[in-house]
Structures are given as structure tokens and as C-alpha cells.
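Trainee: Residue 27 is where the sequence shown starts when you use my numbering, and the numbers rise one by one after that. Just so it is clear, CB atoms sit at the ideal spot from N, CA and C, and this is done for glycine as well. Pasting in a structure now, in C-alpha cells, and then I'll have a few things to ask.
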Amino acid sequence: MPLIGFKRIAEVSLPTRWATFRLLAFDAVHADRRSKQKRLETALALVLGDLHTTPPIARIHSQCTTGDAFESLRCDCHDQLHLAMRTIADAGTGVLVYEYQEGRGIGLIEKLRAYELQDRGLDTIEANLLLGHEIDARDYQLPVRILRFLKIRSLRLMTNNPEKIHAVSSSGITIVERLSADVPLGKHSAHYVATKRVKLGHLSDPALPLHVLSGGELLQFPAHASPSRRKAPAQARAAVSDSLRQEIT
Ligand SMILES: [Zn+2]
């Protein structure tokens, strides 16, 4: 849905272990004129230093309660969040947009239902599809609107996600450099990160999970997987066993 309303709500000082950021909070309204549907969205921006003299480091981080708050090892979110904050602090300038599209946009509770399926052998993509969700339901209109509100015309984007690269570059903001968001992987997160790389085209270094995995777990992936898809492909649904599907639906 198009973004029709946008407002800065608050701005405060936020001292952290790495630096004292400015923390800005934003409200936004999405609306569909035909269906008259409306959706509210909020997001935060951690800002440090001068964003305009040289292209600042920027990261768009999607909320992950299990990772960000509880330091879950199932995903790379917690370490990516701290990598971004630390890198921005080291550079003395940058912005981290924190947006609330948990579980690639399906929300915390649905993400936990998807975790249940992953515990039974599905990967993150198959689990989302079986629950009737898109593979990736996020849109980045609000994060990009925030970057534009901050008058950023060029930046160094820290991400492995080609959808985020596309969202920023198609808004007219110049990405002068992509910074890797790779973090060390463990036995709980390696398969998840590899799935994002192989099935969603993420740009993480393939050497990372291969380095930490034992037993050839990654060999099940095709050498050349199909590129990023936002909608559910029929063949992916068909790959899920009938018995599991009946149990869920
Ligand atoms: Zn996560």
C-alpha cells in the first residue's frame, strides 16, 4: 500500500555502549484508495554524526524480537544489529533505521509458528509458504522515506539483501558502496543464512556457513538456485509433505 502520511514523533539522545546516538521515532500511514484500507507503521532511526559531508554508513534493520532482545542463535539478526551500530560508531557517522516488519513481515507470532515447522525439517521459505504467507512480505517505503527525510542523497549500505539494495537505489538515493552484513555463524544459524543466500539471492559469503558446518548439511541446495521471489511458487508448496500440510491447514 502506498505511503500517504509520514511524521517525526520524537527525537531523543540515546547513549549506548558504542556511541551516543540521536534516536528519532516516526509514524506513517499506508492507504489504498480503492479498498479504503489503512495500515499504520512506526519505525526508528539511530543517527550519528554528519550525514551529508560524505556518504554515511546506513543499515535498514528489520525487528527480530527473538534475536535482538533474547540473543537467539537461530538467526544472524542480533549480531548484524550490533555490527551495524559498532561500525557506525567507529566511523563516527551513519544511520540505522529500525523497522517493525518482524519475520520478513509476517509478525512475531507467525514467525514462531514458522519456527515450529522449521524444527520439523522445513526451511524458512517452505515454512512461510505452508502457513500461507509470502516468502518476504516486507516493503521498505518507510525506511526509504526516513533516509530521504534525513536528506541523505548517497550512502554506504550495509546489507546482504538485494531487496533492500533495490528499494534504496530505486528511490533515487545513490549507493556508493555495499558493506557486507556478514557475521560469524553457528550451528543454529548457518542453515537459515544459507537458505536466504540460495533461495532469496542474499549476498552473504558462502564460505562462512561451509566453514562452520560439518556433515555436508548444505549440499542439499542446488548449485544455481532461482533468484529472489516474493510470492509463493506452486512447486515449493508441493515440496512439503502432504501429511504435514494437512496437520497445519
Ligand atoms: Zn532474527
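Quick check: what's the CA-CA separation for I132 versus A163?
Mentor: For the purposes of this step, residue 132 is taken as the residue at position 106 of the sequence shown. For the purposes of this step, residue 163 is taken as the residue at position 137 of the sequence shown. Rounded to the nearest angstrom, the two C-alpha atoms are 7 Å apart.
Trainee: Is the Cβ-Cβ distance between D145 and T221 less than 8 Å?
Mentor: Position 119 of the sequence shown, counting from 1, holds the residue named residue 145. Position 195 of the sequence shown, counting from 1, holds the residue named residue 221. The answer is no: Cβ separation not under 8 Å.
Trainee: Take T91 as the anchor and find which of A84, H192, E136, F32 has the nearest alpha-carbon.
Mentor: For the purposes of this step, residue 91 is identified with residue 65 of the sequence shown, where counting begins at 1. Nearest of A84, H192, E136, F32 to T91, Cα basis: E136.
Trainee: Tell me the residue span of the beta strand (DSSP E) that contains V224.
Mentor: Here residue 224 is taken as the residue at index 198 of the sequence shown, counted from 1. Taken as a continuous stretch (DSSP letters only), V224 belongs to no beta strand (DSSP E), being part of the alpha helix (DSSP H) at 216-226.
Trainee: Given a cut-off of 8 Å on the beta-carbon distance, is the pair T119 and L72 in contact?
Mentor: In the sequence shown, the residue the question calls residue 119 occupies position 93. In the sequence shown, the residue the question calls residue 72 occupies position 46. For T119 and L72, no; Cβs fall outside 8 Å.
Trainee: With H, G and I counted as helix, E and B as strand and the rest as coil, what does DSSP make of L138?
Mentor: Locating residue 138 in the sequence shown gives position 112, counting from the first residue. The answer is helix: DSSP assigns L138 an H, G or I state.
Trainee: Determine, using beta-carbon pairs with one atom in the segment 216-233 and one in the segment 183-193, whether at least three such pairs fall under 8 Å.
Mentor: Judged by Cβ distances under 8 Å, the segment 216-233 makes contact with the segment 183-193, as three or more pairs qualify.
Trainee: Counting Cβ pairs, one atom from each stretch, are 3 or more of them under 8 Å apart for the segment 98-105 and the segment 189-206?
Mentor: Segments in contact, no.
Trainee: Which residues share a DSSP beta bridge with K33?
Mentor: In the sequence shown, the residue the question calls residue 33 occupies position 7. D53.
Trainee: Are the CB atoms of I83 and A117 within a distance shorter than 8 Å?
Mentor: Your numbering for residue 117 matches position 91 in the sequence shown. Your numbering for residue 83 matches position 57 in the sequence shown. Closer than 8 Å, so yes.
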